[in-house]
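Chains A, B and C, in that order, give the protein sequences. Heads up, the first sequence is in this note's numbering, so the first residue is 9 and it goes up one at a time. Heads up, the second sequence is in this note's numbering, so the first residue is 8 and it goes up one at a time. Heads up, the third sequence is in this note's numbering, so the first residue is 15 and it goes up one at a time. Don't be surprised by glycine CBs; every beta carbon is placed ideally from N, CA and C. The structure appears right after this line, and notes come after that.
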Amino acid sequence: MSAKIAVLGLVIEEPSPAHRLTAKLRQRLSSAEFVDSNVYSALARLEREGLVRAREESSYEATEEGVRHFEQWLFASSSAPPLRDELHMKIALCQPQNLPRMIELVYGQELVCLGRVQELKKSFERIRPPDPSRWSGLVMVMVRDAELAFWESRLGWLQGVRESLENMGAGFQDASRRQREA
Amino acid sequence: MKLSSILLLYRLRLRTRIVQELFAVAGIAVGVALLFASQIASTSLDGSVQQLTKGIVGNMRFQLAGRSPDGFDQRMLGEVQSLPGVQAAEPVLEVRANVLGPQGQRSVNLIGTDPHFASLAGPLLHHFTATQLARQQAFALPAPIAQSMGLLSLSPVDLQIGGRIVASFLGAELLRSDIGPLVDSPVAIAPLSYAQKLAGLRGRVSRIFVKPIAGHDAEVHEGLARLAAGTLDVRPANFDATLFSQAAGPANQSALLFSAISAMVGFLFAFNAILLTVPQRRLLVEDLQLDGYPRRTIVAVLLLDGLILGGVAALVGLALGDLLSLALFRQNPDYLLSAFAVGSQRIVTWQSVALAVTGGLLAACVGVLAPLRKDIFSPLSLGHAPERTGYGGTTRALLGGLACLAVTTIILLLMPQAAIVGILSLVVALLLLLPALLDGVVLVFDRLQRPVKGAAPYLATLELRSQPARARSLAIAATGAIAVLGSVAIQGARANLQHGLDNATRDLNSIADIWVSPADPADLFATTPFHQSALVALRRIPGVQALRFYRGGFLDFGDRRIWVLGPPSEAVQPIPRSQLVSGNLTLATSRIRQGGWAVVSQSIADEHHLRVGDVFTLPSPRPTTLRVAGLSTNVGWSPGAIIVNAQDFARAWGSGAVSAYNIVLAPGVSPAVVSREVQQALGPHSGLTAETTLHRETRHREASRQGLERLTQIATLVLIAAILAMAAAMGAMIWQRRARLADMKVDGFSRAVLWRALLVESALLLGAGCSIGAVFGIYGQLLLSHALATVTGFPVVFSIGAFVAVGSFVVVTAVAVAIVAIPGYLAARVRPALSLQD
Amino acid sequence: MKPLLSLEGVGKSYLRGAHRVRVLKDVTLEVGAGQLVAVWGKRGVGKTTLLKIAARLERPDQGTVRFEGVDMAKLREAEHTRLMLERIGWVRRAGPKSDLRMMDYVALPRLAERGRRHAYGLAREALERVGMSECAGQHWGSLSDGERSLVSIAHGIVRAPKLLLVDDPTANLDVIEREQVTQLLRSLADDEGMAVLITVPDMPAVMRAHHIASLSGGRLSTPPQLPEEPLPEDEEEPPGKVIQLRSREQSA
């Protein structure tokens, strides 16, 4: 997802100056990790392509072409997210003797995920609690839940991996003890 | 928790379980009603005699009582009055009289007393002083008795006294306002002199009641004993009540036993019903526990449940019991009327009410608390372990059951007087062994049905083995088992007793072909003396081979009012052959004929430590020394009997009066024909009646059957209650199972298979319960029969009442299953969709 | 300050079928007054066991549980019962077992004290607090999942407990209901000063908690501590404001 289309959407929602757009983007899509400069370059490109135009007081609004472009994007089917993860590869290639280290690694990742959830919570706490019975509040909660769903499923996956590795480790220990005893 | 809060909790839950609650109320009410009705029956019997005695006796302390129906010389009164320490003495003549009204006859106790003394006596005679009757030649009757015979005040009426009919005059009716509850007593009151005239006993009295000056009791007693000089009895004034309760003891005891068994069945019924509401109560207990309520609050909540249930049920039960006692238990045993004046009043004592109410409350509280005891006492935790069995440890139950059986056996063999305890321990044994026995039956059935095609029997055994339904199944089976046990034991014992009594009746009556005795229906045992008349005419009737004199009477011997029989020596079999329990029949017969010997009931002999050959003195009007020729049963009279020959009887009573003519016919002559001729020869005013042996025997049998009828009635009620209880509980259990039945329908079982499975299950459960009950019942029958024979000395013929047992079992099971078939059919029609809902 | 509830080194294992499963290993957790702590974990990891142990509805194999500094294991049965009645609100998601109106159900824990009127007054307040006044006359069976959750909480808080224990308060709830319930729990901690410990199987339900933890493989993990950031100025209001709960009509 590009910053360009996000900025276009926000401008369609409400004609705004660049700094308001920066704040909104950070609030609305915090996890996408856009930086402020993204907004400015996006605005420049949108203006160049004739999708937005500048109004008075350095505020931007969408052109008809811009609205058409956004709706085209909005209603086009979304592509599946790419799934390429370093940890996947490590697990795919690890050996039994690496188990304890791997478990630590996985647990470390778990804590990272948990930390992200915590951060999300903190950032969410900073703003006024959204009223989910109002449209904007509901949207906010749903977007937040989308991020949470990601962390939740990843955390769940990591926990599953760790538990399996731990159980397997216990099994290997038993087996090697039996071998030694024999 | 405050009471109002507990009540609130009760009210909140009542809505959802009102039907089950009513069910439980009905169950306990049945138990209370049976208990209460039996209690009323027995207290009425004892109480009416006590009331009458008190009504006559008032606050008199002693009596000087004659031993013969002729009483003793009235002049004794003067001597009694002049005894030091005597405050007052009241002469009384008591005679049995048959009042012949235009609409029926009634046997009453004619009581003659001196109006001068009446003010000192009890309420019955108290009123007597004020009436004009005192100076009149007339008698008074309680109004209800007079009305029942269509008698009006101030009208002439015939009285039959002894072998005579005398004309008299009903001077007054005694109202309830005059004499209270005694208005239901069979008595007639007349001035002493008039009573003497009516009875043909001028200058004779039966008793003199004495009131000593305070503190002079011993002195007066001594003086009276001196005056009695061994031919009269000195007794407490109310001694009749003591004698009666001894005589009515076996009847009351059997009523007590039956009350206990019927109450147990009623309470099991209730328990079945209460089990329906157990889940709901258990959930409340869990709610309260999870909220952190302490145990005592929970117990208080449950206790209130029990108390309200028990209280309502007790009230309903009392009303029901009252109806029951009016409708069924009204009639008093006729055989007791021949020796006692038993009234027809219903006496309800506070003890009966208290007993019934306590029983109801206790049953309800136990029923409510017992199934939840584990829930109450388990520590606070979530998720209860599933209950294992309804009765706790199986092994313990088995051992306990066997121990109880052992107790019953010991009682049977060593101390039959504790028969009631024996029956109770038998019931406990049944309850403890029932789970194991039921499992056995199910196991056997399971083995047997394996080769059988079809799912129904399999489903039935599956259901019977399931743990959650076990407590309920056991309660249902136990209800049937106890009801059948009770009814088999008592009906069997009754049949044995009936058989024994029939034998005694046959032997006693067979000494003559025709009996001539006073026409008074209360004179069941030929114990009213009369003076010989019309002998020549009777002897002249063709076909009459011999006319012999039979004598008989009641005699107070110790605490017993015994029956003394004086059959003629010439009789073929003066000793009832079937009734001799010890001694040689031929030898005893010859000794009785010879005179100076007596056959004594075992119970009397035991009391006086007599053995065959021992010498004893009969406390008759002329005390007579006799030797024991043999020991017998009580010949059907519970206080016991003594048999002497008619001459010895006359000697002992100092009177030639007879109480029956025994007519022996020539061979080939019809007794019925001759009996009619005898009746003609006696004339219409003799007061005597002639009846053939067959007729007399039938009358006696009817009397004994009537005396035992209450037992049959209660047994039937118990069975009906059990059938209803089991059918209702089984039906409710099946109905609550509909969701599971719907599941099975989804699994593809058809309606027919499900219905069949339900029927097989019901039949198996009820049949197993009832058959186990029947087996235990036969044991109980053995115990009761043995107790009757050895403790009261009743003639009992032992036989296993297999027919009664099988009959009860088949009837109860069949009817209950037939009733269950309806809810079973409806439940089997459940829509499969029910299983998919919720 | 001592935490209101603390679990130290708690271990618990179960026989599940043939083998023993250790659901809790050396679990340590603290919940202070005014704190909402959420334990997240997948289904069947032992979250409910953890809660039961916290309420002493189950005994741990190892470790100690302290409530207000007192070792729960040393309490007598009666003391524990009293604790459950007065100081620990155990929210029963399953609702009343017996067939009661919600008003009666919520009033139940307070019937012990002064009688009916008093208890019903408190019950009315509790139902109002969770916004379920309309449900007072209803029976459990006729309530929606959201309503059930809220009424259960009312039944838990009617006794004004120091500690509220809630097992999966957001099960089967939609987004709006879930936010309402979690916000309610948060405000109980913030405004009433209750210590609230909840267990949840879905991540969004932890968002209102002061502290979060995750339970898996018997291990309770807490996120690494980050330095507290000051609140940005552009934020209008502090967190923990009581939100207006929906009434039934609005949700219909």
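Secondary-structure assignment with DSSP links residue 146(B) through a beta bridge to 177(B). Under the Cβ criterion (8 Å, minimum of three pairs), the segment 349-365 of chain B counts as touching the segment 51-59 of chain B. Looking from the CA of residue 119(B), the closest CA among 89(B), 42(B), 197(B), 110(B) belongs to 197(B). The shortest CA-to-CA distance from residue 53(C) to any of 178(C), 225(C), 161(C), 239(C) is the one to 225(C). DSSP places residue 48(A) in the helix class (H, G or I) of the three-state scheme.
Residue 17(B) has a beta carbon lying at 8 Å or more from every beta carbon in chain C.
In the three-state reduction of the DSSP assignment, residue 222(C) falls in the coil class, being assigned neither a helical nor a strand state. If you keep only unbroken alpha helix (DSSP H) runs of at least 4 residues inside the segment 62-145 of chain A, you get 72-83, 94-101, 107-134.
The C-alpha of residue 280(B) lies about 41 Å from the C-alpha of residue 507(B). The alpha-carbon of residue 298(B) is positioned some 6 Å away from that of residue 98(C). Every beta strand (DSSP E) stretch that sits fully inside the segment 164-188 of chain C and reaches 3 residues is listed by chain position as 177-181.
When 9 Å is used as the limit between beta carbons, residue 20(B) is near these residues of chain C: 112, 113, 114, in chain order. Counting only residues of its own chain and dropping the five nearest sequence neighbours on each side, residue 646(B) has a CB closer than 7 Å to the CB of 253, 254, 567, 568, 569. Within the same chain, and ignoring the five residues on either side of residue 593(B) in sequence, no residue has its Cβ closer than 8 Å to its Cβ. In this chain, the beta strand (DSSP E) harbouring residue 631(B) covers 631-639. By the Cβ criterion, the segment 637-652 of chain B is not in contact with the segment 672-692 of chain B, since fewer than three pairs of Cβ atoms, one from each stretch, lie closer than 8 Å.
With three or more CB-CB distances shorter than 8 Å, the segment 210-223 of chain B counts as touching the segment 66-78 of chain B. Contacts with chain C (Cβ-Cβ distance below 7 Å) from the segment 283-302 of chain B involve 287, 290, 291, 293, 294, 297, 298, 299, 300, 301, listed in chain order.
For the pair residue 788(B) and residue 602(B), the CB atoms are not nearer than the 8 Å cut-off. Within chain B, the residues 301, 302 have their CB atoms less than 9 Å from the CB of residue 92(C), given in chain order. Bridge partners of residue 119(B) according to DSSP: 100(B), 197(B).
Check the Cα spacing between residue 79(B) and each of 238(B), 47(B), 162(B), 103(B): the tightest is with 238(B). Neighbours of residue 228(C) across chain A, judged by C-beta separation under 8 Å: 118, 122, 163, 167. Residue 61(B) has a beta carbon lying at 8 Å or more from every beta carbon in chain C.
Of 527(B), 833(B), 839(B), 558(B), the smallest CA-CA separation from residue 746(B) is found for 839(B). Non-local C-beta neighbours of residue 270(B) in its own chain, meaning closer than 7 Å and more than five positions away in sequence, comprise 38, 41, 42, 366, ordered along the chain. Judged by pairs of C-beta atoms under 8 Å, the segment 762-776 of chain B touches the segment 479-492 of chain B, as three or more such pairs exist. For residue 442(B), the enclosing alpha helix (DSSP H) covers residues 426-456. The Cβ of residue 104(A) sits no closer than 8 Å to any Cβ of chain C. Neighbours of residue 135(C) in chain B, taken as residues whose beta carbon is under 9 Å from its own, are absent, since the nearest beta carbon is some 14 Å off. For the pair residue 360(B) and residue 465(B), the Cα-to-Cα distance works out to about 49 Å. Of the candidates 171(C), 162(C), 172(C), the residue whose Cα lies closest to the Cα of residue 183(C) is 162(C). Setting aside the 5 residues that flank it on each side, residue 577(B) is surrounded in the same chain by 555, each with a C-beta closer than 6 Å to its C-beta; the list follows chain order. For residue 94(A), there are no C-beta contacts with chain C under 7 Å, since the nearest C-beta of that chain is about 20 Å from it. In this structure, residue 505(B) places its C-beta atom within 8 Å of the C-beta atom of residue 712(B).
Per the C-alpha coordinates, the member of 739(B), 813(B), 805(B) positioned closest to residue 832(B) is 739(B).
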